[in-house]
Every structure is written in structure tokens, then in C-alpha cells.
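Residue numbers (full-length UniProt numbering): 1 to 239. Working notes, beginning with the structure itself.
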Amino acid sequence: MSSDEDIGLGEGGPMMVEVKKTSVHPSSRSPQRTQRDDYSDDYESDEEIWSEGEEDEEVMETSRPSGRRILYGADHWKLARSHCNLAEAYLEMKAGYSPQADHHSEIAKTIMLNSVTSYTTEQEKADIYDVLFKIYHTQGRALTTLKKYGEAEGLLAKADKVCGELSKLSCLSQDDLDDYEIKLAQATARLYWKQKKYAVAGSQYDKLLKLIEERHGMDCPQLIPVYQEYGKISFINIH
């Protein structure tokens, strides 16, 4: 198995050259919104509280999968990126949209698996790997919130493999790679916290703090929510 196939690409590398006519995808209709997710022991990355209308507008502006499907076809990586962007938008909302984030991540993943692909430039390869990382990272976070911890851990492990492939590309800067590592470390730390694996979660938070400090400096505001999260683990360990 090639490294591309191992991380979730179809045959070849990342850029659509033809479409399988028999591909079948999950329904593009999102599941009905469920009751508010249990956030009693979860962390939220967005400081802003949105109204229902603002949430709907954000989703519409973030991604338009139907238009991408018409423009690129049913198995193009840019359609997968559109679904992935929509999944990320759902996940950033305050209400219980994790099922929708999981749903659109799964559609994006299926598109990538059914693609027959080849890339012509290293930047195109980086763009596709970026989509793969977002798919695994977003779905892993969504399933963590939905308490499907085993599946979430597997997806974040795949995101880690994609990071390894991205690190081989000369078109990406060290800052770009650090940003991927920060996102992955934070998602992994939160997963272990939810699983009550506090020692492992603590080591991940140590890694996360170091990455952020090296990337943004000792006084950056990004450190504040991380210290707050880490403090909750310390409080639990004390009691």
C-alpha cells in the first residue's frame, strides 16, 4: 500500500484526473439537529456566541458543496474540501452540531477515497494533504464530542500520518507545519481528557504549550485557554 492510499487518497496522488462513474456517496442531506451536545466536560474553541441566524449565514458563506459538485464533479478533491469546510463551520458553533460535522467529514472522506488522482505540482499535493488533515482532524474532534473515543483516536492518528507527509514538502514553511502540530496536539489532549486519561492528556498539554510558545511567543493570547484547560486537569488530579 502506498503512503497516499494509507492516509486516505484514491489511486495515485492528489489531483483529480478522472471520475469513477459508479461512485456512491452518503446523502448530502445533513442529519437533523439533535439535542445540545454534552459540553459539561468539553472545551469550546470559539469565544463568540452566535444567534441561529448568524450560524446559518456562516454555514452558507463558508461552503457551498452543491456548486462545487456542479463545477468539479462528484469525486473531485475540491468538492471534498467544500464539505470539510462546512464540517468545520458546524463544529465551531456553540449548539449541538457535532453530528452534522461528522456527517460532512464522512462525505469528504468518501470522496477522497473514491478519487482517481495525480498531482502536477508539489503545491497541489500540499493542498490535497491539507484537505485530508482537516477531514481527520475535524471528524476526530466531532467524534470526541459525541463520545466515540475509539473512532476519534483512530482519526487523529491518521491526521498525524498526514502531518508526517506534509513535513516532507519543501513548499511548506516551518510555521505552516507548526500550525498543523498545534491543532493536532490540542485535539489529542482534549480527547485524552475526555477519556479521563489525565496523565497522557497532561503530557499532550505540555507539548501543546511548548509548540504555541515557540510559534507565537511567551505572551501570546493563544496560551490563555490552554492554561485554563490544563488547570482543570490539575484540579482533578489534586482532588
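Every residue, glycine too, gets a C-beta built ideally from N, C-alpha and C.
For residue i, which of helix, strand or coil comes out of DSSP?
i	result
Cys163	helix
Tyr97	coil
Ser234	helix
Leu223	helix
Glu214	helix
Glu106	helix
Ser115	coil
Ser170	coil
Leu191	helix
Glu181	helix
Ile7	coil
Leu86	helix
Tyr145	For clarity, residue 145 is Thr in the given sequence; the question names Tyr instead. In this structure, Thr145 counts as helix in the three-state DSSP scheme.
Lys134	helix
Glu153	helix
Lys78	helix
Glu92	coil
Lys158	helix
Once the 5 residues before and after residue i are set aside, which same chain residues still bring their CB inside 6 Å of it?
i	result
Leu155	Tyr136, Gln139, Gly140
Ala108	Ala80, His83, Cys84, Ile135
Lys87	Checking the displayed sequence, the identity of residue 87 turns out to be Ala instead of Lys. Only Ala101, His104, Ser105, Thr138 meet the Cβ criterion.
Pro225	none
Gln195	Tyr149
Tyr97	Tyr90
Leu146	Ser98
Quick one: is residue i buried, meaning 16 or more other Cβ sit within 10 Å of its Cβ, or exposed?
i	result
Ala199	exposed
Lys183	buried
Gly150	exposed
Tyr227	exposed
Met93	buried
Met112	buried
Could you name the residues of the same chain whose beta carbon sits closer than 7 Å to that of residue i, not counting the 5 residues immediately before and after it, in chain order?
i	result
Gln222	Ile212, His216
Ala185	Gln204, Lys207, Leu208, Leu211
Trp193	Ala201, Ile233
Asp175	Arg215
Cys220	Ile212
By alpha-carbon positions, which one of the options ends up nearest to residue i?
i	options	result
Ala157	Pro99, Asp219, Lys196, Leu191	Leu191
Thr110	Val226, Arg81, Gly164, Lys147	Arg81
Glu90	Ala142, Ile128, Lys78, Tyr129	Per the sequence shown, residue 90 should be read as Tyr rather than Glu. Checked all of Ala142, Ile128, Lys78, Tyr129; the closest Cα to Tyr90 is Ala142.
Ala189	Tyr180, Gln174, Asp179, Lys207	Lys207
Ile128	Tyr97, Lys196, Lys148, Cys163	Cys163
Glu181	Lys161, Met218, Lys197	Lys161
residue 287	Asp130, Glu153, Thr121, Gln174	Absent from the model: residue 287. The displayed extent of the chain is 1 to 239, so no value can be given.
Lys197	Leu146, Tyr230, Thr121, Asp130	Tyr230
Which whole-angstrom value describes the C-beta separation of residue i and residue j, a residue pair presumed to lie in contact below a C-beta threshold of 8 Å?
i	j	result
Gln123	Cys84	Not really, about 18 Å apart at Cβ, beyond 8 Å.
Ile7	Leu166	At roughly 10 Å, the Cβ-Cβ gap does not stay under 8 Å, so Ile7 and Leu166 are not in contact.
Ser115	Leu9	7 Å
Thr233	Tyr205	Here residue 233 is Ile; the residue named in the question, Thr, does not match the sequence. So it is a contact: roughly 7 Å between Cβ atoms.
Excluding five sequence neighbours on each side, which residues of the same chain lie with their C-beta closer than 8 Å to the C-beta of residue i?
i	result
Ala187	His137, Gly140, Arg141, Thr144, Leu156, Ala159
Glu214	Asp178
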